[in-house]
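A short worksheet on the structure shown next.
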């Protein structure tokens, strides 16, 4: 916590309109259910009005349509969730780790570290790596040789940047011959990558994560991919090699995007969806097979394997009809 | 190995009835196929009787229905597999790592370590973390600041507890604004978490893993989830943010459970199943799309995309019939 | 880079036929698009002829059918991609890490390290581990006690070999009882395993990865699996416990193979496919549910749940017809 602010001070910094006691002081954010006195919460939708009625928070961020649902001191704004994010940033540092290189980190030769960079315990930074100002590597991150990170990049524990891509050629006897992976990884400004995610180095050219990309935990990005600026990728997603994803895309959890595809800008891919063709048009794409209680699933899924035969029977009936 | 026991000594400790030579001595467990003399094996089902006939084990654990399938010294019990687990625990320590903090581990400020805690090489334990008695962190585990682990918790290598959840708000320009993740993770007693699994800290309130939960490798649990006591989650499973899973559930490998759902107690989710709705009733739920040889798959899957048209043709035929 | 070679010197070592200036010198490989002067590139297929026309490379590897598409110095061979792999190996070392044990690595008791072994920063090698000649562990690999690695094995950062398998028995109260995992992992010669992949130790017998297997990032192999020689497994794949995969198989990205199955030799499994039955016959197997724009998906997927009823309606129409 960085000291209390009045609602009026907050609105001066972040905009919005104060209703109720503008001198109410808050020093931290909290959820509707668990906020304590001295904390400010937010109402994302009027459907949570029962929780709002019961909150112990000292103030609320809400939209104009919800303004009259409480008499608590409040800030009225267009996007309560976004406003809340910014208020939380006022009270909480961007990362939980102080600048500097931890004594147990291993830094290679010819490494360039910007100002304010924080390298956590047990990190390993390879030769020739460059890390921009104010970036933070939490403990146990590995950045292989020759990769570059922009400014304000956050890498969570267990992230591996720049391991070899899966480049293999098959010989006459069916044995795999390794193709040296001599590209690197370039990570833009303001990228955040979650715990245990992996971004492979390029085979020849570089793998590129553009500025503002946000990647969740356990995401795998193959060699020579390019992820466009301000795209978000939720947990357990995989992107196979040489695929290019556009800007401002949102990839749902555990989606899989096959290799050598092009996904244009502003594409939303639903969770657990596999994309096996390029996508040229913005929009939402889905490929989720429905789950049910086991007996129902077995009943309908048994027919999936016979769909072509079922279609044949329909065709036969149609022919019959025409006679 | 901790020294030999006779079958009679084992039955005194663990129950069951000895048949054959009660003085037979064993000092380790083994599989039917590969057990050596001095080892005790188990028969899970009478269908493995051929392997039983060929085993070189010195003794067998089996159920009453299988008692007469061998003349080896044996222990007859209700649940041979469970009994076997307990016998194996007699001969093998719970973890392979001695108590104490390895010299290469990094321990933060205000950390509370219970008695008998084992912290492996290269672990990083953040400020304010609390770890209960007899817990074991294998090498290279990271526990971020402020998280708590109960007693007898086992975390395998590469586990990351308490990295930031994937909390983002979108601004007017479509850029992602980070929401500070100020909750923590609370892990209950007797929890085991497999290699490279990740449990994110809460956005505001805590992420909670209740007592007795068993999590396999490469599992991802998002922020603010609650996993109920004695639930087991197999490898590669993902649980998106704010989902609550009940007690005594079993989640199959690579299942994906979307965010903000409620799964009640005693739910079984089959492997590779995506759950996109809350589940209010105990039972087994499945959503596996069938695989086949490639040609068959192509044949029936081509019809999936045209199912609504196929249904329309059936409807047309039905209308025709009524005329 | 290890010094320049003429095309003629390359062909002497690797075979193939030189066309154009056999004295042209190259010292590195590059892509068609980004190769610079002094680099040699390759043409995988005549369909990339436009890129070939624009390349700045000094030489090209191509097949006989493409020989006349360029006047650049070139090497003509049967398998340009394989040839390219071998040329790249001439110019680039197999691994980016020098032999020796990094000062920050932790090596247990009774460890056997072969000649030329490279153990990177922060690696942890457990008691009794054996590592064959010329193997390379990149930073932050963990090998648990008692596991063995062959020669020329490459393990990328974050790999965990030999953590406990997910072996549990349920007691009368529905609590999970841990089954000690007393097997180990045996990894054959020339195996490469990608970043953050995990191979569990066996419950009783060993988990085995045979020679020449190539495993990509974030792959999970459960206890007691056996992966046959020269099989390749792409990223995010999971193999549940006790499954045996044959030799010369290719497992696509994010495929999931359930437990206790047998997959024969020379099986190809498509990306994102779940295999729930044993496969006795070589060939390609697929189980991908199609994705579409969200509205189309919703339209056809709604019918999946009603497939048995749709089939019933077709049957009713057929009966009607027979009257």
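Residue numbers (the working numbering), protein chains in the order written: chain A, 21 to 343; chain B, 21 to 343; chain C, 21 to 343.
No residue lacks a Cβ here, since even glycine has one placed at the ideal position from N, Cα and C.
Check, Outcome
"Close Cβ partners of residue 292 of chain C (< 6 Å) along its chain, the five nearest in sequence each way excluded", "274, 308"
"Sheet register partners of residue 305 of chain C (DSSP bridge)", "B/313, C/289"
"Any chain C beta carbon closer than 7 Å to residue 238 of chain B", "yes"
"Distance, residue 281 of chain C Cα to residue 96 of chain B Cα", "29 Å"
"Inside the stretch 141-217 of chain B only - beta strand (DSSP E) runs reaching at least 3 residues", "188-190, 196-198, 205-207"
"Within-7 Å CB hit, residue 300 of chain B to chain A", "no"
"Residue nearest to residue 80 of chain B in terms of C-alpha spacing, selected from B/249, B/158, B/52, B/98", "B/52"
"Beta-carbon neighbours of residue 184 of chain C, restricted to chain B and to distances below 7 Å", "176"
"Sequence-distant residues of its chain with Cβ nearer than 8 Å to residue 64 of chain C (five each side left out)", "100, 101"
"Proximity winner among C/241, C/290, C/230, C/333, relative to residue 250 of chain C (alpha-carbon distances)", "C/230"
"Interface partners of residue 309 of chain C on chain A, CB under 8 Å", "294, 307, 308, 309"
"Stretch pair the stretch 214-229 of chain C + the stretch 240-247 of chain C: three plus CB contacts closer than 8 Å", "yes"
"Within-7 Å CB hit, residue 162 of chain A to chain C", "yes"
"Residue range of the unbroken alpha helix (DSSP H) whose run includes residue 131 of chain B", "Residue 131 of chain B -> no alpha helix (DSSP H), and no H or E assigned at all."
"Neighbour flag for residue 58 of chain A against chain C, beta carbons, 7 Å", "no"
"Continuous alpha helix (DSSP H) assignments of at least 4 residues falling wholly in the stretch 37-98 of chain A", "69-74"
"Chain C contact for residue 255 of chain B (CB, 7 Å cutoff)", "yes"
"Interface flag, residue 342 of chain B vs chain C, CB-CB below 7 Å", "no"
"Residues of its chain near residue 84 of chain A, where Cβ-Cβ distance is below 7 Å and the 5 sequence neighbours each way are ignored", "96"
"Proximal chain A residues relative to residue 101 of chain C, where beta-carbon distance stays under 7 Å", "189"
"Members of the stretch 40-73 of chain B that neighbour chain C once the beta carbon cut-off is set at 7 Å", "49, 50, 51, 54"
"Short Cβ contact (7 Å threshold) for residue 264 of chain C with residue 246 of chain C", "yes"
"Beta-carbon contacts of residue 172 of chain A that lie in its chain and below 7 Å, excluding the five residues immediately before and after", "154, 155, 209, 210"
"Rounded Cβ spacing between residue 125 of chain A and residue 140 of chain A (contact assumed at less than 8 Å)", "7 Å"
"8 Å Cβ cut-off: residues of chain A touching residue 334 of chain B", "334"
"Span of the beta strand (DSSP E) around residue 229 of chain B", "227-229"
"Distance between residue 228 of chain A and residue 253 of chain A (C-alpha atoms, nearest Å)", "15 Å"
"Cutoff 7 Å: residue 113 of chain B Cβ touching any chain A Cβ", "no"
"C-beta neighbour in chain A for residue 225 of chain B, strict 7 Å", "yes"
"N-terminal and C-terminal residue of the alpha helix (DSSP H) that residue 329 of chain B is part of", "327-342"
"Three-state class that DSSP yields for residue 28 of chain B in the structure shown", "helix"
"Per-residue DSSP class, three states only, for residue 138 of chain B", "strand"
"Touching by the beta-carbon criterion (3+ pairs, under 8 Å), the stretch 43-51 of chain B and the stretch 183-198 of chain C", "no"
"Any C-beta of chain C under 7 Å from that of residue 232 of chain B", "yes"
"Nonlocal neighbours in the same chain, by C-beta distance under 7 Å from residue 142 of chain A, ignoring five residues either side", "124, 125, 159, 160"
"Proximity test, Cβ basis, 7 Å: residue 250 of chain A and chain B", "yes"
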